[in-house]
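Asker: Below you will find the structure I want to go over with you.
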Amino acid sequence: MRIIRARAMGFCFGVRDALETARSVAHPERVAVYGELVHNERVQAELAERGFAAMSERDRQRLPERPEVLITAHGVSERERDRLVAAGKTLIDTTCPLVTYVHRVARALEQEGRLLVVVGKRDHVEVRGIVGDLSHFVVVAGPGEVEAYTDRRIGVIAQTTTPPRQAEAVVEAVRERNPAADVKYVMTSCQPTRDRQLAVLAMLPWIEALIVVGGKNSNNTRQLVDLAREQHVPAYHVQGPDDVEAAWLTGLTVVGLTAGTSTPDDVIEAVHARLVELAHVHPWRRAASF
Ligand code: SF4
6 MRIIRARAMG FCFGVRDALE TARSVAHPER VAVYGELVHN ERVQAELAER
56 GFAAMSERDR QRLPERPEVL ITAHGVSERE RDRLVAAGKT LIDTTCPLVT
106 YVHRVARALE QEGRLLVVVG KRDHVEVRGI VGDLSHFVVV AGPGEVEAYT
156 DRRIGVIAQT TTPPRQAEAV VEAVRERNPA ADVKYVMTSC QPTRDRQLAV
206 LAMLPWIEAL IVVGGKNSNN TRQLVDLARE QHVPAYHVQG PDDVEAAWLT
256 GLTVVGLTAG TSTPDDVIEA VHARLVELAH VHPWRRAASF
């Protein structure tokens, strides 16, 4: 069995920088991480071991007890930031600059008097941060949720992990259902996510199954799984090597390997090693990677 590795996979610069900042904190016992720094259980366990307190993403209504608060790469709204500062918290901000860009675009479109249509997951922490400063918006997961709006000016943006084709399908639906409206679309899907999606698309014609490594809460990891399944290539979401089942590989000759932006390199390597090991379980096939 051959293993093809995606040419772009794993940690993006936003996650890498956030993690580096967290690792450089001198007194983790003073710091609460405001949500999941990365959607990866192993990294979260490492932070907990160093003494950071973790707040669940759904638990943000209450104030953290610790005096310092680490804002994750997913960002928070200005309102939320002000609330924390007003409560006397010192912020350690690791918001990804590409998320900050989406906030800026959203504000600018709203200032133009537009209804904001945000493509993404309503309950995702990044989306909650984006819409937290807006007064007039809707969040849609896809074109099927688009309605006819009363507004004559509409702006469309997307959660950074949204594949551009999904955002464009929503723009098309907005235009169709609101033919008289002035619709402005700003592409806000981030480049590292797009690189990982394009790398999967490039691999799909050559593979019989795709193994996608990433945290169970990682939206961009799920998007990679969906991309493969949409093209009828079986895709399996694993968090680590122990999740890989030998039965998935039975009879296959070429398997693809990729990982979401919150997956550490050593976890990817461990999954790769497991695939090589399983290839040896079927000795009539040659194990190789490139
Ligand atoms: S996925 Fe994109 S927006 Fe999110 S942290 Fe990484 S680079 Fe930034």
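The working numbering puts the sequence shown at residues 6 to 295. All C-beta atoms in this analysis are idealised placements derived from N, C-alpha and C, irrespective of residue type, glycine included.
1. Enumerated in chain order, which unbroken segments of the beta strand (DSSP E) with a length of 3 residues or greater are wholly contained in the segment 140-207?
2. Alpha carbon to alpha carbon, how far is S194 from P168? Give it in angstroms, no decimals.
3. Counting only runs of 4+ residues fully inside the segment 80-122, write out the alpha helix (DSSP H) ranges in chain order.
4. Apart from the five residues just before and just after D200, which ones in its own chain have a Cβ nearer than 7 Å to its Cβ?
5. Would you call the segment 254-266 and the segment 26-34 in contact, with 3 or more CB pairs under 8 Å?
6. Looking at C-alpha atoms only, which residue of A58, H44, E274 is the closest neighbour of H1?
7. If you draw a straight line from the alpha carbon of K126 to that of V144, how long is it in whole angstroms?
8. Would you say the beta carbon of P301 is closer than 7 Å to some non-hydrogen atom of the ligand SF4?
9. According to DSSP, which residues form a beta bridge with E73?
10. Can you give me the C-alpha to C-alpha distance between V20 and Q49, rounded to a whole angstrom?
11. Flag this pair as yes or no: are the beta carbons of E152 and R182 separated by less than 8 Å?
12. Between G5 and the ligand SF4, is there a pair consisting of the residue's CB and a ligand heavy atom that are separated by less than 7 Å?
13. Is A53 close to the ligand SF4? I mean its beta-carbon at under 7 Å from any heavy atom of the ligand.
14. Below 8 Å CB to CB, which residues in the same chain sit around P4 once its five sequence neighbours on both sides are set aside?
15. How long is the line joining the alpha carbons of A59 and L68, rounded to whole angstroms?
16. Exposed or buried, H141, counting other C-beta atoms within 10 Å across all chains shown (16 or more means buried)?
17. What separation, rounded to the nearest whole angstrom, lies between the Cα atoms of V124 and V90?
18. Any idea what DSSP makes of H242, helix, strand or coil?
19. Please confirm whether A23 and T77 have their CB atoms less than 8 Å apart.
20. Output the boundary residues of the alpha helix (DSSP H) element that contains I212.
21. Measuring straight from C-alpha to C-alpha, what distance separates E235 and L229?
22. If we ignore side chains and look at the alpha-carbon of each, how far apart do L262 and A27 end up?
23. Could you check whether the Cβ of T255 sits closer than 8 Å to any Cβ belonging to chain E?
Answerer: Taking the geometry as given:
1. With a minimum length of 3 residues, the continuous beta strand (DSSP E) runs that stay inside the segment 140-207 are 142-145, 158-163, 187-190.
2. For the purposes of this step, residue 168 is taken as residue 163 along the sequence shown, with counting starting at 1. For the purposes of this step, residue 194 is taken as residue 189 along the sequence shown, with counting starting at 1. Roughly 7 Å separates the two Cα atoms.
3. Entirely contained in the segment 80-122, the alpha helix (DSSP H) runs reaching 4 residues are, in chain order, 83-91, 102-116.
4. If you number the sequence shown from 1, residue 200 lands on position 195. Counting only Cβ-Cβ distances below 7 Å, and skipping sequence neighbours, we find A13.
5. no
6. Nothing can be reported for residue 1: it is not among the residues displayed for the chain, which extend from 6 to 295.
7. Counting from 1 along the sequence shown, the entry for residue 126 is found at position 121. Counting from 1 along the sequence shown, the entry for residue 144 is found at position 139. Distance between the alpha carbons of K126 and V144 is about 7 Å.
8. Summary: the structure shown does not reach residue 301, with the chain confined to residues 6 through 295, and so no result is reported for it.
9. Start at 1 with the first residue of the sequence shown, and residue 73 comes out as number 68. Its beta-bridge partners are V36, T95.
10. Position 15 of the sequence shown, counted from the start, is the residue given in the question as residue 20. Position 44 of the sequence shown, counted from the start, is the residue given in the question as residue 49. In this model, V20 and Q49 are separated by some 13 Å (Cα to Cα).
11. Stepping through the sequence shown from its first residue, residue 152 is reached at position 147. Stepping through the sequence shown from its first residue, residue 182 is reached at position 177. Going by C-beta atoms, E152 is nearer than 8 Å to R182.
12. Coverage of the chain is limited to positions 6 through 295, which leaves residue 5 absent and any answer about it impossible.
13. Within the sequence shown, the letter at position 48 stands for residue 53. Result no, Cβ not under 7 Å from the ligand SF4.
14. Given a span of 6 to 295 for the chain in the structure shown, any question on residue 4 remains unanswerable.
15. Translated into positions along the sequence shown, residue 59 becomes position 54. Translated into positions along the sequence shown, residue 68 becomes position 63. Taking the straight line joining both Cα atoms gives about 12 Å.
16. Reading the sequence shown from its first residue, position 136 is the one you call residue 141. Per the 10 Å Cβ criterion, exposed.
17. Translated into the one-based positions of the sequence shown, residue 124 becomes position 119. Translated into the one-based positions of the sequence shown, residue 90 becomes position 85. Cα-Cα distance, rounded: 29 Å.
18. Translated into positions along the sequence shown, residue 242 becomes position 237. H242: strand per DSSP, three-state reduction.
19. Stepping through the sequence shown from its first residue, residue 23 is reached at position 18. Stepping through the sequence shown from its first residue, residue 77 is reached at position 72. Yes; because the gap between Cβ atoms is below 8 Å, this pair is in contact.
20. The residue you call residue 212 lines up with position 207 of the sequence shown. No alpha helix (DSSP H) holds I212; DSSP gives it neither H nor E.
21. By one-based count along the sequence shown, residue 235 stands at place 230. By one-based count along the sequence shown, residue 229 stands at place 224. For E235 and L229, the distance between alpha carbons rounds to 10 Å.
22. Mapped onto the sequence shown, residue 262 falls at position 257. Mapped onto the sequence shown, residue 27 falls at position 22. L262 and A27 have their C-alpha atoms some 28 Å from each other.
23. Structure shown: chain E not included; a single protein chain is present.
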